[in-house]
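Counting in our numbering, the sequence shown runs from 24 upward without gaps.
A virtual CB, placed ideally from N, CA and C, is assigned to each residue, including glycine.
Quick caveat: nothing in here was measured; it's all calculated off a predicted structure.
To start, the structure under review is shown below, and the notes come after it.
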Amino acid sequence: MIQNCKTLEDLWTEVHSINNQHFPENDLMPILGNGKTNNPKIMFVFINPTHANSSSRKDWKGPRFPFIGTKAVWRIFHRAGLFDYDLMKEIEISKTWSIDFTNKVLDFLKSKSLYITNIVKWTGEDATLPNKEKIKLFLPILKKEIEIVQPEYIITFGLIPFENLTGQKIKLGDYYNKVIVDKKIKWYEKTFKNTSTKIIPCYFPVGRGNPKRATEMLRLINKL
């Protein structure tokens with residue numbers, strides 16, 4: 024049972040059980056959260072992983088976390104001042120990530136008090152948005168993950184994680200206009216069991232999102 028999970032290891036066992044039970048035909052591994060796992064300053068919550076993540080392969084022997092082996096999201100983090108120049112340079116020239124390099128990125132996330140995860144821990148062949156059933160299935164996992172990790176801030180990319188965590192609906196364009204004019208981030212306080220945190224919405228930084236606006240918002244977030 025999810026509510027009986029006391030550690031992330033317990034929770035990941037539950038994630039694998041859910042995937043095996045509901046999606047036995049899927050050959051892609053679920054992507055877990057990782058980074059600083061105890062009271063990070065920031066937890067980044069994306070939507071759902073895809074096969075582009077190198078750690079979605081069953082033969083992957085290293086840590087699993089979002090965007091391993093990809094470039095676009097790390098570019099946005101770098102432009103916003105949240106990611107290391109030398110690591111970004113290596114990502115740009117490398118076709119694949121070694122396990123050693125993956126661990127370097129993970130060590131950087133830990134050193135900067137960052138944690139990165141997805142609302143849906145099921146890996147698909149493409150970036151199609153998850154349906155309501157998948158969100159409902161995995162949302163309790165994310166809420167328990169927040170309870171265990173206890174982040175100070177949660178940055179939600181896209182409205183799916185924001186609305187499902189806060190129960191509120193906003194117009195992201197209106198929110199963006201206000202924080203850019205005020206040059207000050209507004210957050211939404213939320214408590215998950217005994218964990219109080221501040222949730223901040225942000226544009227999805229790649230693909231269907233708005234990389235330019237996401238970068239501007241992340242630069243302000245980086246000043247918190």
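Backbone CA spacing between residue i and residue j [nearest angstrom]
i, j, result
"Ser-40", "Asp-205", "46 Å"
"Tyr-108", "Leu-129", "15 Å"
"Leu-162", "Ile-116", "36 Å"
"Gly-56", "Ile-139", "6 Å"
"Lys-209", "Ala-95", "26 Å"
"Lys-249", "Phe-88", "The chain is shown from 24 up to 247; residue 249 falls before or after that span and cannot be answered."
"Pro-174", "Lys-207", "20 Å"
"Asp-123", "Gly-85", "8 Å"
"Arg-98", "Met-111", "7 Å"
"Phe-46", "Leu-31", "21 Å"
"Lys-166", "Phe-215", "7 Å"
"Asn-62", "Phe-100", "20 Å"
"Gly-147", "Lys-81", "14 Å"
"Gly-258", "Phe-67", "Absent from the model: residue 258. The displayed extent of the chain is 24 to 247, so no value can be given."
"Ala-237", "Leu-160", "28 Å"
"Leu-195", "Thr-93", "26 Å"
"Asn-200", "Glu-239", "11 Å"
Neighbour-count burial assignment, residue i, 16 or more Cβ in a 10 Å radius
i, result
"Ser-134", "exposed"
"Ile-164", "buried"
"Leu-248", "Since the first and last residues shown for the chain are 24 and 247, residue 248 lies out of range."
"Ile-171", "buried"
"Leu-132", "buried"
"Met-52", "buried"
"Leu-241", "buried"
"Asn-217", "exposed"
"Gly-181", "buried"
Spatial neighbours of residue i in its chain, beta-carbon cut-off 7 Å, leaving aside the 5 residues before and after
i, result
"Ile-91", "Asn-76, Ser-77, Ser-78, Trp-120, Thr-125"
"Lys-192", "Glu-186"
"Thr-60", "Leu-31, Tyr-138, Val-172"
"Asp-149", "Thr-73"
Whole-number beta carbon distance between residue j and residue i, since they are thought to touch under 8 Å
i, j, result
"Ile-183", "Ile-222", "With 8 Å as the limit, Ile-183 and Ile-222 do not qualify as a contact, their Cβ atoms being about 13 Å apart."
"Ile-169", "Ile-177", "7 Å"
"Asn-141", "Ile-70", "6 Å"
"Val-202", "Leu-243", "6 Å"
Where residue i falls: helix, strand or coil (DSSP)
i, result
"Tyr-199", "helix"
"Leu-182", "helix"
"Phe-100", "helix"
"Tyr-176", "strand"
"Glu-212", "strand"
"Pro-86", "coil"
"Asn-57", "strand"
"Asn-141", "strand"
"Val-68", "strand"
"Thr-189", "helix"
"Lys-133", "helix"
"Ile-91", "coil"
Sequence-distant residues of the same chain with beta carbon closer than 8 Å to residue i, five excluded per side
i, result
"Asn-245", "Ala-103, Gly-104, Leu-105"
"Ser-219", "Glu-212, Lys-213"
"Asn-233", "Tyr-226, Phe-227"
"Asn-27", "Asp-33"
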